Structure formats: C-alpha cells, structure tokens
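Engineer: One structure, as structure tokens, below. Some questions next.
Number of protein chains: 2
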Amino acid sequence: MDVRNEQYTHKVGVPPKQNLFKELKATVKETLFADDPLRPFKDQPRSKKFILGIQTIFPILEWGRSYSLRKFRGDVIAGLTIASLCIPQDIGYSKLANLDPQYGLYSSFVPPLIYAFMGSSRDIAIGPVAVVSLLLGTLLQNELDPKKDKEAYRRLAFTATFFAGITQATLGFFRLGFLIDFLSHAAVVGFMGGAAITIALQQLKGLLGIQNFTKKTDIVSVMHSVFGSVHHGWNWQTIVIGVSFLAFLLSAKYIGKKNRRFFWVPAIAPLISVILSTFFVYITHADRKGVQIVKHIEKGINPSSVKEIYFSGQYLLKGLRIGVVAGMIALTEAVAIGRTFASMKDYQIDGNKEMVALGTMNIVGSMTSCYVATGSFSRSAVNYMAGCQTAVSNIIMSFVVFLTLLFITPLFKYTPNAILAAIIISAVVGLIDFEAAILIWKIDKFDFIACMGAFFGVVFVSVEIGLLIAVSISFAKILLQVTRPRTAILGKLPGTTVYRNIQQYPGATKVPGVLVVRVDSAIYFSNSNYIKERILRWLADEEEQLKESYQSNFEFLIVEMSPVTDIDTSGIHALEELYKSLQKRGVQLILANPGPVVIGKLHASDFANTIGEDKIFLTVADAVASCSPKLAAAQV
Amino acid sequence: MDVRNEQYTHKVGVPPKQNLFKELKATVKETLFADDPLRPFKDQPRSKKFILGIQTIFPILEWGRSYSLRKFRGDVIAGLTIASLCIPQDIGYSKLANLDPQYGLYSSFVPPLIYAFMGSSRDIAIGPVAVVSLLLGTLLQNELDPKKDKEAYRRLAFTATFFAGITQATLGFFRLGFLIDFLSHAAVVGFMGGAAITIALQQLKGLLGIQNFTKKTDIVSVMHSVFGSVHHGWNWQTIVIGVSFLAFLLSAKYIGKKNRRFFWVPAIAPLISVILSTFFVYITHADRKGVQIVKHIEKGINPSSVKEIYFSGQYLLKGLRIGVVAGMIALTEAVAIGRTFASMKDYQIDGNKEMVALGTMNIVGSMTSCYVATGSFSRSAVNYMAGCQTAVSNIIMSFVVFLTLLFITPLFKYTPNAILAAIIISAVVGLIDFEAAILIWKIDKFDFIACMGAFFGVVFVSVEIGLLIAVSISFAKILLQVTRPRTAILGKLPGTTVYRNIQQYPGATKVPGVLVVRVDSAIYFSNSNYIKERILRWLADEEEQLKESYQSNFEFLIVEMSPVTDIDTSGIHALEELYKSLQKRGVQLILANPGPVVIGKLHASDFANTIGEDKIFLTVADAVASCSPKLAAAQV
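These protein sequences, in sequence, are chains U and Y. For the first sequence, the positions run 1 to 636 when UniProt numbering is used. For the second sequence, the positions run 1 to 636 when UniProt numbering is used.
Here it is, written out as structure tokens:
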C-alpha cells in the first residue's frame, strides 16, 4: 500500500497553456523544419551568418576548404570509373526516352557539374537513369510521336525537364520534401523491379534485331511483338553479338559481386564491350548484314535549348504534368540513394536542400539540351566502391563526358545497338531486389501487397498505372491505420504493477469487475466512432464470457490512454457517447494516463468535469487501485 | 531491488505466430465488420438464421412484433407534427433543387415508406433536405439550364438520384460505410453553416420579390443581385408579407427553444403561416400587385419515372458523378442524425445496414419521381421531441403527404413564394451551430481551420468548392498526423518507477547518462525517416545542454515503444539506421515495451538479434535499471 500512496502524490499533469501563436509556430517548425536547418545560424554575428548562408546554398565552399590531394586521388579514380560506365549507359538510356544518343551524354555533362557545387551527398553519381528515361519516354509518347514530330517531341522533353526541375526546387524551397516519403519503400521496390523488367523486355528489340516493335511497354504486347517476328524479324548476327556480350557483362557483374575487390570489372566491362563490338562491326561490315548500329552521334557540347522550352500553348500544361511526375520519381530515387550512402558513411543530408540542388541542376539542364537527370543506383554504388570522397568525382566524370562529346563521338558510329541493349539489361537487373521483396513479405504483408501491386501494374499495364497503384496502396495503408486502430485488453503481470496486452502476455491476469482497454492511436474523426463501438464490443464480449462462468458483471471500464497522443472534437464526442452508454449499463468510465495534449483538450471541452477529475489517473495501476476498495466492499 | 528482480522475471512477450490466412481474416473483419453484424447468427439453426436474415433486411419485422397501441399513439402525434412541418418545407426545398413543387412532396411520400420498413433508426425523419437540395440544384444547373431544358434537367435529376441511391446501397452492402467518417465533424459543421447562409441568401429572391436573380450562390454575386435591384426590383407588398411571417416563425422557434414543452409551436408555425398567408393573398388579390405565388402544383401521387432515368448517353456519366457526391453528403447527414439519436436513446445503429436502407429508398424514389431524400436535422429533432417511438411516425407522415397530394395541392395556388422563403430561412438558421464552432476552436485549432475553410469556401465560392476544401483539409490532417508524430523525452516521477513526459510532468527527473525518448505513433514509411532524425535531434539537443553544464555524454538511448502499435519495412530500416548512427556515437540503443505486432516484426527482420535480445525490456524502468549498474561502475 505504500507504493500506491506514494504514486497517488502524482496527479495527471496539465501542461501550461501555450498561446495560439506559439502552438502554431511549433507545428509549422516540426512539419517543415523538422531537421532544424537553422541551428548553425543561431547566435552568430551577421557576417558569419552571410557566409554560412552562401555555404548552405553551395556546400562546395564548405567542404572545399578542407579538400586535399589524398581526397582528389580517390575522386579521380572514382570519377574515371563512373565515366566509363556512364557513357555507354547514357547512349542507351536516351533511346528509352526516345531521344537521339547525344542527349544522354549532354545530360551527363551539365547536371553533374551543377550538382557538385550545390549538392550535399558525397557519393551520388548524377546523370540519366533507366527508370526515369523510360517513364519520361512513355509519358511523352502518349502526347507526341517521337519519330513523326521529332522536333516537337524534343521540345516537350525539355519542357518536361524544366518543370521537373521547378517541381524539385519548389518542394525543396518550401521544405515540402516530406511529400516524397508518401511513396513507401515497399512500393518503390516493386515499382523499380517492374520497371527493370519492362526496360529489359524493351531491349529485346535491339538484342534480337527486330525492326517492327510495339510502342506499348506491357509484357503481353512486347511478347506478342517478339514472337510475332520470330520467323522474319530476328537477325542472327545481331543475336550472336548481343547475347555473347550480354553473357560477358553478366559474368563481369557476377565477378564484381563475388569479390568486392574486383568492383572495377563490371564498371569497365560496358566500355570494353562497346570498344570491342564497335571494332568488330567496323572490320566485318556486319552493319550491311542487318546489324543495326548507332550511325550518328552529334559532335560537340550541349547547344542552348532555352528557346525550345514551351512557355505557352497547349504543350505548356502537358509538359508541366509530365515534369511533375518525372521530377517526383527522379527525386525519390536521388533522395533514397543520398540517404543510403549518408547513413553508411554517417553524415547528414538535408533532404530539402538536396531537392533544391537537384531542381536547379534540372532547370539549368533543360536550358542546355539535357533531359531529366538524377542519381543512378548502379553508378552511385560503383562511385562509392571506387573510393569517391566528395562530389568532385562527378566533376571528373563530367569532364570526361565533355572530352567524349568534343572528340570521340564519331567513333561510336559503328557501335551495334545490340551492345547498348545488353548494357542496359545488365544495368537494370540490379534494380530487381529479390531480397528486399522477401524481407518485405516477412515483415509486413500489406507492404508486400503494395510492392506486388506496383510490380505487376508496371509489368502488365504501364509505368504510370504501376506508379498509381503504388501510391494508392501506400495511401490506403495510412488511411486504414487511422481508421481502424488497434485496441487491446490489458491484464496485470503477476507480482508487478504493470498492465500489458493479454494476447502478448498470456500470464497477465484480469482484475475482477474491472475491464482495462488500451486504445492504440490518436482519436480522430476518422476513427472516433469505431473506437467507441470497439470498446463497447470488448465490453459485450467479455461480459458474455463472464456470464458463461456465472461471474458478476463489470463495474469499471478503464481506458488506458498512454498511446492516445491527440484527440479532436469528434474524439471528445465519442468519449461523451461512450460515457453515456456506459452510464446506462451501470459501468463507471475511468481514464488512465492521458498525454499532455489530450488532458488539455479534456479540460477545454469540459469532459474532465463530466466524468469527474477524480476518475483520471496517472497509471492503470492507480486507476485499478481506486476501484478495488469499492469492489472489496461490494463483495462482502 | 526486490521489485526490479521481480519484474525481470517477465520478458517481452512474443505472441504466437498466426498463419497468413488468419491474419488476413482478422484484418478484413476488423476493417469491414467492426460492428460484428453476424453475432446474432452465431450457433443458430438454419431456419432461425433465415428469419434473422429477413429481419436484418427488414427490421420492421423485428420491432413490429412488440409494437403496441401506446407506441402507436406517440408515433401518430409525432407523424402528424412532422407532416405539418414537411409539407411547406418540401415545396420550398424543391425550388432549391430547381424542380417543380410537387417533386418535393413526392419525395416525402415514397422514400419515408421504404425507410420505415428497412431502416433501423427510430427517430430520423426522412424527406428532402435543404443542403442536399441546394447541392443537387447547383451541380445539376452546371450541366443543364433548369428553365430552358426543363425536361432534360428533371431527367438528369432522377438519374442523379438513382446513382445516389446506388452509391449509398453499394457502400453499405460492401460495408465501406467507414468512408463517410473521413468527412470530419468539424468540416461538416462548417459546411452546414456555410450552406445554411447560402440557402438563406438565396431566399432573398423570394423574400424581396426580386425577378432577375443571379444563378451563382456565392455571397458576392448574391449581394450584387440584391442591391443592384433595390430601386426597381424589390416589391414592398412581398417584403411586408415575407418579413412579418419570418418574424412570426423566428419567434415561434425562440419559444420552442426556450421551453421544450412548446416544441410544437415552431413545428406547426410554418403550416399556419402558409394557411394564413395563402388566405390573405386570395382575398386581397395581392398576386396582381407583384406578389409572386406558387401558382400550380400538380395534383395526384407520384407518376413513374423509370423511363426518365438516363441509362445511356452523355448524361449517364454526369448523373453518376452528381449522384455520387449528393449521395455521400446525404449519407453523412442521415448517419450523423441516426447516430446522435441512437446514442441519446442508447440503441445501436448499424451504419452499413442504414446505408443499404437509404440507398434502396433513393433507388425506388428515383423511379417514382422523387429526388434525393435523406434524414432532416430539424424534422428529426421535432420527431424526437414529439415523442416518436418507431419509424411508424414516418409512415404516418407519408400518409398525410399522400392525402395532401391527392386532395389539397390546388389550395396552395395562392401561397406566396415569400412565405416559402421565410420558412426555409427559419429552417436553415438552425444549421448554423455557433456553439459547436466555439467548442471546436477551444479543442482543436486545426479542426477549426477545416471548419472555417469549409464555411468560407461554401459562402464565398460555391458548395462544391466548400466541400472540396473540407475533404482536403480533413485528409491533410490525417496525413500530417502520420507524417509528423509526436515524440517526447521521459523522466522518472520521484518515488515511483513511472516514466512520463517531462513537459507534462515538470517534476520528473532525467537519469544521468540515459536518454529516454517515447515515440507516439506507429512507425511507417511516411514517418520513419522523420522519427529517426527526430530522435537524433533530441540526442543532439540534450547533449548540448549537458555540455553547457559540463556533464558527461549519454551512454544509453532508450526508445519507449508502448505507443508504437505497428512498424513496417521502412520503419525497420529506420531503426537499423538509428542503431548504426548511435553506434558511431558510442551510444547504446535500448527498446522498451514493444507491442505484439512490433516484437514479431523485430524478430522477423532479425533486428532483435542485431541489437541483442537483452536490449529489449518490458518497461522503461527495467531498461534504466539495466543501464544503472554499468553507469555506477563507470562513475567510480
């Protein structure tokens, strides 16, 4: 009894009332400035604040001061490695976006440079990526034919890129970066896997040398195209070249995976394949036997495309819509990469600042003939393993691409398309993450449904539908959580004053005459009615059990409110209705441990008075103790 | 030390693994059958199940068996009262929907009859209501001109009614009724208030006798219309009649509110006004002096309108869209009324069954020349106060309307429109709920924003925009809750083993070297990253404080997980990242009291092994106790 009396000295605390402005400020701060970006600015003189501000926008000015030759060596090696990987990939990816090959290279020149000055990730490798290229290509060709309206198509691509950049920068500037968190990890895994399969299937065109190929991306149409042309569409020379180099690339990948010291093998294999196959085609004149080749890549660096962007007319809105979607997906990929590597090396990344950097880079890119660039999963991993130290590796890569554009592009003339297809396939297989899918299945079945929904949506219908399914299921999960929160019956763990869920702790014992229910969520309009009815159903269920064992009914219902972090008007109404219903049944409602916000609102709404201040306790144990003497008296 | 050792005997319980099918079944049951509608069917013979099934569809067969003369007397009085109230209201409301007056009466004949057989609320009064009439009228006239295309307009109205019924019945049948809970109480209060003001403003046309009146419903356009016609559009005879009867009606309302025994005064005042004013216009020939009158109401009961519903063509989709919106709003109103009175008289209402009843009644209604009917706030209150016992009061009302349609409609010829306007105004002022708005302001500022958003959206823009604002803000609130959950630093209440939020309990003391953080929400993809960063920020903040007071840093971080009801793959990843970050800082991560679902997933993902089983405790007190000896040793 000592302990209880001691505990009784503590009443449920009512936090001091904050004024409205403070409350609002706190909410806005927690929502938009959760990472406290202004912390370093605190208590600094104005000149220092200015320097800090500039450094915030251009982090290179901060880390650049401690840059060393040792770091530079790491960056050069990493930069050269990712350059050798990106050049053939860029040429292939631009095909996914239905653009000429040089636009892929352009996008690996300007955006990485801008990012190196503004971005805060040290490991990300910037450039065109497979999934965004495919998404952009699919969305653009819904509006315009990439062959018939070549110029308009390209202009729409720049317009979309411009608005993708605007979207990214805006989200970052207004600190709305948390919006991309609504695409769940599981949905992204499924989407990426589906996109990888779709992209790989698309490559069958190049790999098999098929001329007439469907424009649709779903597996049924593609397979129809592939097998429909089996007799008069496949080119055996192309197949030989493509399949043998694909085997080479996949073996290189396998070697790199088996032994991390050989990470450079898969990294340079694509460039070696390009060189070998180009030379082979050149000397054998295989192009005259139906082996399709790249033919022509424009020489020279990025021309200006400011005037190509549609700032008016019907394509403005279309470009905006496509840009928003492509920009969000590109963001999701870049931020995921940035976070992964930041947590591996334990440095902080400001997601919102990162978005401003990515946005700026795409806005500038759209004006210099680039299409949407972002962080590439595969190249970032290679960058990391090659020992990159800072974003300087992106500058090195950018410089190599610059030299390539100036001097080497004509050499790509005889590169067979089949090699590009093989390179893309070997790049995207890494996006299919079986292990993640298995882990998701183990941990959360609902997540697995989202993952599979996105996957099958992309594979069987289209990239947009897959994306839509992924987002819808993710949202549905959130809504389900707030609509149908868990509730649990608590029992006392023997020998303690601890009350726990009796399903989890079968040893916990119920107190006769007292039902303890815990509500595991904030009580809001979306669940208030459910919670009220669920509590009454617990009561009815338990009373039925009591009746079977000829015990007397409940006199007290204790609602453990520790997990109830907030309550709104509908929630208060539900509590009032619960109170009335219980009164009619002769059951006393008791609340245990309402949190600071909840107790404040219980007082504001006068409900605390309605049930009586003395019916609100600090702990379940206190609440039960308050019932017990009466019960004891009743049992005499 | 005794107590602690005793507590140590309890490990964190891992609930037995359920198989997938059971888990899915439980989720589906809790989501769709939360109210356990099949409970009475359990363990019954087949014949009994059949009877129960029939009674479930037609509750009248259940309560009808215990119907008595005493109940009938109550129902007759209530039925006559609401009939006298509904007849003038119906004629006015049909004008809001831009339909001829008889359609309002039709809708008070068939739907209440159907409802009486299928519905489970004993107090609701069925018929056309102001807000739904206005909403329907606004949406319909966006598509068709009610004067120029009178027939097509009426047919579209029936089509919309049909689909409103289909929507309602479908939601109920598939037990998706919880969807209407997403329109929060606060949003409904604001929406209703705004709609009431809009409706009242619309009545200025009739009340002032203005001929040319805007079709828009926003306050600016309406005021422009009113004051633009002040010199040559107002009719003083109309104003005298309208204003004096409005004063009469409002006084009657006031009397009824002051003394509940006189509830019948406001209930019969409208009919008295109609009779008096009609007689007055008839003898004074005021209609020749510009006082507008009803002129003509079709005599006879509802004609069939099956063939008028558009089952094909462009209006099918339009009718569907309008029907879905109107149906949902009608549902919201009816279910809110049903629940309110059910909780006042303490009986249960099955929301989903109720929706099937309302849906069926509107489907049948759409085929018998009725437009969307639902439960009326004002008439249900009168019904309740007049002592209704069962839905038989609706049958009585329906019978009176039937007689009216057959014999009395010609008498309404000389009823001035101004009286109808006055009746509508006096009816809708009750929808403006100042007290609720004040309570919402007191309890929850965010709710208040939703309330005001809906209100001003309706008043200044349009009904649809107000509705859209209300729904958007409601959703935003849910999303904000799951994106930015609360976290708190816990301290020990002196003399207990209870750990509580130090903001709420300023007396709670921190344990040196140990930081205890509570996470107040399930950890999902939408908040996992935030939670991880927020915990690290707590750590940084607290360490800064320690540094200022020259204390040593933290060695342990205890995450109190009692409120964490669930965790998904992203959440597990976030915990892993948190664990790694803490390791690099030399801080040990400890978990306290994970719930059944969470501990299961911690094991499934192997994270429990990663941090060590011995780092997961039943209570915060246990966790702290496990740190203390080491701390004590370190301090020697």
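Think of the CB as a built atom: it goes at the ideal place given N, C-alpha and C, for glycine as much as any other residue. These numbers were taken from a predicted model, which means no experiment stands behind them.
1. What's the C-alpha gap between T198 of chain Y and V129 of chain Y?
2. Check the Cβ-Cβ distances between A373 of chain U and every residue of chain C, and say whether any is below 9 Å.
3. Around the Cβ of R346 of chain U, are there at least 16 other Cβ atoms within 10 angstroms (buried) or fewer (exposed)?
4. Could you tell me the boundaries of the beta strand (DSSP E) in which G491 of chain U lies?
5. Does the distance between the C-beta of I535 of chain Y and the nearest non-hydrogen atom of the ligand ZN fall short of 8 Å?
6. Thinking C-alpha only, which one of Y:V132, Y:V482, Y:V189 is nearest A330 of chain Y?
7. Do the CB positions of S570 of chain U and I523 of chain U come within less than 9 Å of each other?
8. Which residues in chain U sit within 7 Å of S521 of chain Y, going by Cβ to Cβ distance?
9. Taking only beta carbons into account, state which residues of the stretch 23-39 of chain Y come closer than 9 Å to chain U, listed in chain order.
10. Are the beta-carbon atoms of V516 of chain U and E555 of chain U separated by less than 9 Å?
11. Please give me, in chain order, every unbroken run of the alpha helix (DSSP H) with length at least 4 that falls completely inside the stretch 220-280 of chain U.
12. Might you give, ordered along the chain, the residues of its own chain that have their beta carbon closer than 8 Å to the beta carbon of I91 of chain Y, omitting 5 neighbours on each side?
13. Expressed to the nearest angstrom, what Euclidean distance is found between the alpha-carbon atoms of P506 of chain U and K11 of chain Y?
14. So for E6 of chain U, helix, strand or coil by DSSP?
15. Buried or exposed: E577 of chain U, going by 16 or more other Cβ atoms within 10 Å of its Cβ?
16. Mind pulling the chain U residues with CB within less than 7 Å of I616 of chain Y?
17. Terminal residues of the continuous alpha helix (DSSP H) containing A592 of chain Y?
18. Going residue by residue through the stretch 111-197 of chain U, where are the continuous beta strand (DSSP E) segments of at least 3 residues, counting only ones entirely within it?
19. Could you confirm whether any beta carbon from chain Y is found closer than 9 Å to the beta carbon of G13 of chain U?
20. Assuming K510 of chain Y and G491 of chain Y make a contact with CB atoms under 8 Å, what is their CB distance in whole Å?
21. Looking at Y371 of chain U and S107 of chain U, is the spacing between their C-beta atoms short of 9 Å?
22. Give every residue of the same chain whose Cβ lies closer than 6 Å to the Cβ of F117 of chain Y, excluding the five residues on either side of it in the sequence, and list them in chain order.
23. Ignore the nearest five residues each way along the sequence and tell me which others in D566 of chain U's own chain have a CB closer than 6 Å to its CB.
24. Closer than 7 Å, Cβ to any Cβ of chain Y: which residues of the stretch 161-183 of chain U, in chain order?
25. Would you please verify whether the beta carbon of Q503 of chain U is less than 9 Å from any beta carbon of chain Y?
26. Can you tell me the Cα-Cα spacing of E6 of chain Y and D622 of chain Y, whole angstroms?
27. Let me check understanding here. Comparing Cα to Cα, which of Y:E613, Y:A152, Y:G513 lies closest to A628 of chain Y?
28. Would you kindly check if the distance between the Cβ of S366 of chain Y and the Cβ of A592 of chain Y is under 9 Å?
29. Given that a residue counts as buried once 16 or more other Cβ atoms are within 10 Å of its Cβ, and exposed if not, what is Q211 of chain U?
30. Less than 9 Å separating the beta-carbons of L183 of chain U and G177 of chain U?
31. Just to confirm my understanding: we take P594 of chain Y, look at its own chain, exclude 5 residues before and 5 after, and list those with CB closer than 8 Å. What are they?
32. Does the CB of F311 of chain U have a neighbour CB from chain Y at under 9 Å?
33. Could you tell me which of U:A625, U:G79, U:K42 sits nearest to I395 of chain U, measuring between CA atoms?
34. Below 8 Å on the Cβ atoms is my contact criterion, and I expect P88 of chain U with V335 of chain U to pass it. Report the Cβ-Cβ distance as a whole number of Å.
35. For L575 of chain Y and I124 of chain Y, I'd like the C-alpha separation in whole angstroms.
36. Taking Cβ-Cβ distances below 8 Å as the criterion, which residues of the stretch 460-485 of chain Y are in contact with chain U?
Structural biologist: Considering the structure as presented:
1. Mapped onto the second sequence, residue 198 of chain Y falls at position 198. Mapped onto the second sequence, residue 129 of chain Y falls at position 129. Distance between the alpha carbons of T198 of chain Y and V129 of chain Y is about 14 Å.
2. Structure shown: chain C not included; protein chains present are U and Y.
3. Taking the first residue of the first sequence as 1, we reach residue 346 of chain U at position 346. A small correction: the amino acid at residue 346 of chain U is Asp; Arg does not occupy that position in the sequence shown. Exposed, by the Cβ-count rule.
4. For the purposes of this step, residue 491 of chain U is taken as residue 491 along the first sequence, with counting starting at 1. Run containing G491 of chain U: 487-492, per the beta strand (DSSP E) assignment.
5. As for the ligand ZN, it is missing from this structure, which has no ligand bound.
6. Here residue 330 of chain Y is taken as the residue at index 330 of the second sequence, counted from 1. The option with the nearest alpha carbon to A330 of chain Y is Y:V132.
7. Start at 1 with the first residue of the first sequence, and residue 570 of chain U comes out as number 570. Start at 1 with the first residue of the first sequence, and residue 523 of chain U comes out as number 523. For S570 of chain U and I523 of chain U, yes; Cβs fall inside 9 Å.
8. Taking the second sequence and counting its residues from 1, the one referred to as residue 521 of chain Y is at position 521. Close partners of S521 of chain Y in chain U (Cβ separation under 7 Å): T565.
9. Flagged, chain order: E23, L24, T27, E30, T31, A34, D35, D36, R39.
10. Along the first sequence, read from residue 1 onward, the residue named residue 516 of chain U stands at position 516. Along the first sequence, read from residue 1 onward, the residue named residue 555 of chain U stands at position 555. Cβ distance not < 9 Å, so V516 of chain U and E555 of chain U don't count as in contact.
11. The qualifying runs are 236-258.
12. By 1-based counting over the second sequence, the position of residue 91 of chain Y is 91. Its chain contains P101, G104, L105, V294, I297, F412, T415, L420 as the residues whose beta carbon lies nearer than 8 Å to that of I91 of chain Y, once the 5 sequence neighbours on both sides are disregarded; these appear in chain order.
13. The count along the first sequence starts at 1 and reaches residue 506 of chain U at position 506. The count along the second sequence starts at 1 and reaches residue 11 of chain Y at position 11. C-alpha separation (whole angstroms): 12 Å.
14. The residue labelled residue 6 of chain U in the question sits at position 6 within the first sequence. Confidence at E6 of chain U is low in this model, with a pLDDT of 42, below 50, so the placement of that residue is unreliable and no value is reported for it.
15. By 1-based counting over the first sequence, the position of residue 577 of chain U is 577. E577 of chain U comes out buried.
16. If you number the second sequence from 1, residue 616 of chain Y lands on position 616. Near I616 of chain Y there are no residues of chain U at all, since even the closest Cβ is about 13 Å away, more than 7 Å.
17. Reading the second sequence from its first residue, position 592 is the one you call residue 592 of chain Y. A592 of chain Y -> not in any alpha helix (DSSP H); beta strand (DSSP E) instead, spanning 588-592.
18. DSSP runs (the beta strand (DSSP E)) wholly in the stretch 111-197 of chain U: none.
19. Position 13 of the first sequence, counted from the start, is the residue given in the question as residue 13 of chain U. Closer than 9 Å to some Cβ of chain Y, the Cβ of G13 of chain U qualifies, so yes.
20. Taking the second sequence and counting its residues from 1, the one referred to as residue 510 of chain Y is at position 510. Taking the second sequence and counting its residues from 1, the one referred to as residue 491 of chain Y is at position 491. Indeed they touch by this definition, with Cβ atoms about 5 Å apart.
21. Here residue 107 of chain U is taken as the residue at index 107 of the first sequence, counted from 1. Here residue 371 of chain U is taken as the residue at index 371 of the first sequence, counted from 1. Going by C-beta atoms, S107 of chain U is nearer than 9 Å to Y371 of chain U.
22. Position 117 of the second sequence, counted from the start, is the residue given in the question as residue 117 of chain Y. Around F117 of chain Y: F58, I60.
23. The sequence position of residue 566 of chain U within the first sequence is 566, counting from 1. Only A522, V597 meet the Cβ criterion.
24. Taking 7 Å as the upper bound on Cβ-Cβ separation, chain Y lies near residues F178, D181, F182 of the stretch 161-183 of chain U.
25. Translated into positions along the first sequence, residue 503 of chain U becomes position 503. Under the 9 Å criterion on CB atoms, Q503 of chain U is classed as interfacial with respect to chain Y.
26. Position 6 of the second sequence, counted from the start, is the residue given in the question as residue 6 of chain Y. Position 622 of the second sequence, counted from the start, is the residue given in the question as residue 622 of chain Y. Because E6 of chain Y sits at a pLDDT of 42, beneath the cut-off of 50, its placement in the model cannot be relied upon, and the following sentence gives the value as read from the coordinates. Straight-line measurement puts the Cα of D622 of chain Y at about 10 Å from the Cα of E6 of chain Y.
27. For the purposes of this step, residue 628 of chain Y is identified with residue 628 of the second sequence, where counting begins at 1. It should be noted that the sequence gives Ser, not Ala, for residue 628 of chain Y. Nearest of Y:E613, Y:A152, Y:G513 to S628 of chain Y, Cα basis: Y:G513.
28. Taking the first residue of the second sequence as 1, we reach residue 592 of chain Y at position 592. Taking the first residue of the second sequence as 1, we reach residue 366 of chain Y at position 366. When the beta-carbon positions are compared, A592 of chain Y and S366 of chain Y stay at least 9 Å from each other.
29. Looking up residue 211 of chain U in the first sequence gives position 211. Around the beta carbon of Q211 of chain U, fewer than 16 other beta carbons lie within 10 angstroms, which makes this residue exposed.
30. To locate residue 183 of chain U, count along the first sequence from 1; it is residue 183. To locate residue 177 of chain U, count along the first sequence from 1; it is residue 177. Not in contact: L183 of chain U and G177 of chain U (Cβ atoms no closer than 9 Å).
31. Taking the first residue of the second sequence as position 1, residue 594 of chain Y is located at position 594. Result list for P594 of chain Y: V12, M561, V564, L602, I616, in chain order.
32. Within the first sequence, the letter at position 311 stands for residue 311 of chain U. Nearest CB-CB separation between F311 of chain U and chain Y: not below the 9 Å threshold.
33. Your numbering for residue 395 of chain U matches position 395 in the first sequence. Residue U:G79 is the option with its Cα nearest to I395 of chain U.
34. Counting from 1 along the first sequence, the entry for residue 88 of chain U is found at position 88. Counting from 1 along the first sequence, the entry for residue 335 of chain U is found at position 335. Going by Cβ atoms, the distance from P88 of chain U to V335 of chain U rounds to 26 Å, so no, they are not a contact pair.
35. Against the second sequence, residue 575 of chain Y aligns to sequence position 575. Against the second sequence, residue 124 of chain Y aligns to sequence position 124. So the alpha carbons of these two residues sit roughly 51 Å apart.
36. Residues passing the 8 Å Cβ filter: S474, K477, I478, L479, L480, Q481, V482, T483, R484, P485.
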